[in-house]
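Numbering (the working numbering), first residue to last: 25 to 282. We put the beta carbon where it would ideally sit given N, CA and C, even for glycine. The block underneath contains the structure these notes are about, expressed in structure tokens.
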């Protein structure tokens, strides 16, 4: 019986005898090594959280209008029609900006600038940029990047710069261009729904009136959401003498309005 007891004790002690001896400090340290702790998630600042919420809201409204249209052309003839090009991007901004403000100017209502006047776009054509409005006046956008055709450079060099310009696109960016593209010639406004995708070399956006038709002399526009083209399609459209485009991005210090 004593032999059986002795053998049992040896079996229980064997793992300890075979392993290295640990001091109390080492054992306490080892508890940290083997604990199953989950790292605390990185919390967004209030500014980043509000900024993303703002982008989510105006893109969600654009998607809702796209789904409501259900592929049917919407009237885009008169100045008050929300489906007239820039009116569409302005509409989704104005309908969703009420809950947000700029941290530095929390009591100032947010606004979106109009396109710059034709004479103030010279030597470029109308539509390449917005009017300059300060944050103090309520403009929550900054010019993230711009492209203007440079006649002192070769066409190939201009195209390279235009491509680099478009590679900077981020979700929620507003885009203003003067272009000659497949569906028309002139100014056009849109909002990007995703970051530039290097895997497909493409961008995705939402807009209205890039495509359209006339019925009995009245213009009707098609709404797009998550439309996608490779960036060379855009390069071909606005990389022309006297043409160009600008990317506008929400400031980082957007907050929820109290």
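> Is the distance from the Cβ of residue 124 to the Cβ of residue 278 below 7 angstroms?
Replying inline: Counting from 1 along the chain shown, the entry for residue 124 is found at position 100. Counting from 1 along the chain shown, the entry for residue 278 is found at position 254. Yes, the pair counts as a contact, with Cβ atoms nearer than the cut-off.
> Going by DSSP, what residues sit across from residue 167 in a beta bridge?
Replying inline: Against the chain shown, residue 167 aligns to sequence position 143. In the DSSP output, where bridge partners are listed per residue, residue 167 has 272.
>> Per the DSSP calculation, residue 243 is bridged to which residue(s)?
In response: In the chain shown, the residue the question calls residue 243 occupies position 219. Beta-bridge pairing links residue 243 to 238.
> Rounded to a whole number of angstroms, what is the C-alpha to C-alpha distance between residue 257 and residue 129?
Replying inline: Reading the chain shown from its first residue, position 233 is the one you call residue 257. Reading the chain shown from its first residue, position 105 is the one you call residue 129. Roughly 39 angstroms separates the two Cα atoms.
>> Going by DSSP in three states, residue 136 sits in which element: helix, strand or coil?
In response: On the chain shown, position 112 is the one that residue 136 refers to. Coil, per DSSP.
>> Starting from residue 203, trace the beta strand (DSSP E) in both directions and tell me its first and last residue.
In response: The count along the chain shown starts at 1 and reaches residue 203 at position 179. Residues 198-205.
> Starting from residue 261 and walking both ways along the beta strand (DSSP E), at which residues does that stretch end?
Replying inline: Counting from 1 along the chain shown, the entry for residue 261 is found at position 237. Unbroken run through residue 261 is the alpha helix (DSSP H), 255-262; no beta strand (DSSP E).
> Quick one: what does DSSP say residue 172 is sitting in, helix, strand or coil?
Replying inline: Residue numbering aside, residue 172 sits at position 148 when the chain shown is read from its first letter. Residue 172: strand per DSSP, three-state reduction.
> In terms of DSSP beta bridges, what is residue 230 paired with?
Replying inline: Against the chain shown, residue 230 aligns to sequence position 206. Answer by DSSP bridge pairing, in chain order: 215.
>> Given a cut-off of 7 angstroms on the beta-carbon distance, is the pair residue 87 and residue 245 in contact?
In response: As a first step, residue 87 is located in the chain shown; it is residue number 63 there, counting from the start. As a first step, residue 245 is located in the chain shown; it is residue number 221 there, counting from the start. No, they are not a contact pair.
> Mind checking residue 197: buried by the 16 CB within 10 Å criterion, or exposed?
Replying inline: Counted from its first residue, the chain shown places residue 197 at position 173. Buried, since its Cβ has 16 or more Cβ neighbours within 10 Å.
>> Am I right that residue 77 and residue 150 are in contact with their C-beta atoms under 8 angstroms? What's the rounded C-beta distance?
In response: Taking the chain shown and counting its residues from 1, one reaches residue 77 at position 53. Taking the chain shown and counting its residues from 1, one reaches residue 150 at position 126. That belief does not hold up - the Cβ atoms of residue 77 and residue 150 are roughly 34 angstroms apart, past 8 angstroms.
>> Measuring straight from C-alpha to C-alpha, what distance separates residue 66 and residue 164?
In response: On the chain shown, residue 66 is found 42 positions in, with the first residue counted as 1. On the chain shown, residue 164 is found 140 positions in, with the first residue counted as 1. Note on residue 66: pLDDT 38, under 50, position unreliable in the model; the coordinate value appears next. Roughly 25 angstroms separates the two Cα atoms.
> Taking DSSP as the reference, what is the three-state secondary structure of residue 127?
Replying inline: Counting from 1 along the chain shown, the entry for residue 127 is found at position 103. Residue 127 sits in coil when the DSSP states are folded into three classes, being neither helix nor strand.
> Candidates 181, 234, 200 and 84: which alpha carbon is nearest residue 138's?
Replying inline: Position 114 of the chain shown, counting from 1, holds the residue named residue 138. Of the candidates 181, 234, 200 and 84, the one whose C-alpha sits nearest the C-alpha of residue 138 is 200.
> What's the C-alpha gap between residue 122 and residue 186?
Replying inline: Numbered from 1 along the chain shown, position 98 holds the residue referred to as residue 122. Numbered from 1 along the chain shown, position 162 holds the residue referred to as residue 186. Distance between the alpha carbons of residue 122 and residue 186: 35 angstroms.
> Is it right to say residue 5 is buried, meaning 16 or more other beta carbons lie within 10 angstroms of its own, or is it exposed?
Replying inline: Because the chain in this structure spans residues 25 to 282, residue 5 falls outside the shown range and cannot be described.
>> Rounding to the nearest angstrom, what Cα-Cα distance links residue 63 and residue 73 in this structure?
In response: The residue labelled residue 63 in the question sits at position 39 within the chain shown. The residue labelled residue 73 in the question sits at position 49 within the chain shown. Caution is warranted here: a pLDDT of 33 is assigned to residue 63, below 50, making its placement in the model unreliable, and the coordinate value is therefore given only provisionally. Rounded to whole angstroms, residue 63 to residue 73 spans 20 angstroms at the Cα level.
>> In this structure, how does DSSP classify residue 249 when only helix, strand and coil are distinguished?
In response: Within the chain shown, residue 249 is the residue found at index 225, counting from 1. In this structure, residue 249 counts as strand in the three-state DSSP scheme.
>> With distance defined between alpha-carbon atoms, name the residue in 238, 280, 215 and 178 nearest to residue 263.
In response: Taking the chain shown and counting its residues from 1, one reaches residue 263 at position 239. Cα-wise, what sits closest to residue 263 is 178.
> CA-CA distance, residue 188 and residue 152?
Replying inline: Translated into the one-based positions of the chain shown, residue 188 becomes position 164. Translated into the one-based positions of the chain shown, residue 152 becomes position 128. Taking the straight line joining both Cα atoms gives about 17 angstroms.
> Can you tell which of 133, 206, 261 and 224 has the C-alpha that lies nearest to the C-alpha of residue 290?
Replying inline: There is no way to answer for residue 290, as the model of the chain reaches only from 25 to 282.
>> Using 8 angstroms for Cβ pairs, my map puts residue 301 next to residue 108. What's the rounded Cβ distance?
In response: This structure does not reach residue 301, given that the chain is present from 25 up to 282, and the question cannot be answered.
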